[in-house]
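In this note's numbering, the protein residues as written are -6 to 184. Quick reminder that beta carbons are idealized off the backbone N, C-alpha and C, glycines included. All values reported here derive from a predicted model rather than from experimental measurement.
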Amino acid sequence: MSKVVISGSQVADWQTLVSEAETELGVSLDEEMESYLVFTLMHYSRRPDMASRVMALDYLQAMHNSGSASQQQMREVADQCLLLTGLFPARARRRRVSLTYYVDLGRSAYQQLAENLASMTEFYSRMAQQFIQAMDTLHTIRRMSEGQLQLDPLEAFNLWQQTGSRAARAQMALMTQAIPAVGYASSDKKH
């Protein structure tokens, strides 16, 4: 496990973190998704207000609105759900909401964007389908940078069981010194 060292441009630093996390996790996001993740991290690293949002209300408001404002709000919901589940799972715990709730909300928001933005249909559809891989990459970044596990054992088990999260499964193996049974989680879920 490498220690995170920040130097150079912000884009290069985030890119390095994402690449190292992908390597550690054993996944490979395509270039477009990797770039989107890097720029999302950059964008929200300057937005401390993210923690105070009630994403379900923002999602409903975006569904009710129309036009570019609705699309922007929907993208913010999707991106914030991704960052919350990947980097800040303790916030969900404090709100007494399961991580899978935010996973489902984020995936749904990306899928809404895919259905409503003809020029970005394929990309946002892939974001909805590969939400778990992106979340796992963020989990791994956080674990690498802090050197500690982000989920408690029950959260890790539930996240793995309900979404097939590789990062949650790996964390369970570290916590319990056992390898969870492969067939137990829903293997038919798409990542």
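CB-CB length for A71 against L22, believed under 8 Å:
16 Å between Cβ atoms; not a contact.
Tell me which same chain residues have a C-beta within less than 8 Å of the C-beta of Y95, skipping the five on either side of it?
So the qualifying residues of the chain are M48, C74, L77, T78, A85.
Check: L147 C-beta below 7 Å from any heavy atom of the ligand FAD:
Judged by which ligands are present, the structure shown has none, so any question about the ligand FAD falls away.
Assign G99 to one of two classes, buried (16 or more other C-beta atoms within 10 Å of its C-beta) or exposed (fewer than that).
Label assigned to G99: buried.
Quick check: the Cα distance between N109 and L142, rounded to an integer number of angstroms?
37 Å
Return the chain-ordered list of same chain residues with a C-beta closer than 8 Å to the C-beta of M35, the five sequence neighbours on each side being excluded.
Q3, V4, W7
So, is A121 buried or exposed, given that buried needs 16 or more other C-beta atoms within 10 angstroms?
buried
Per-residue DSSP class, three states only, for Q20:
Looking at the sequence provided, one finds Val at residue 20 rather than Gln. Residue state, collapsed to three classes: coil.
Buried or exposed for A83, going by 16 or more other Cβ atoms inside 10 Å?
exposed
Cutting at 7 Å between CB atoms, please list the residues of its own chain near T114, excluding the five before and the five after it.
So the list reads A107, once near-sequence residues are dropped.
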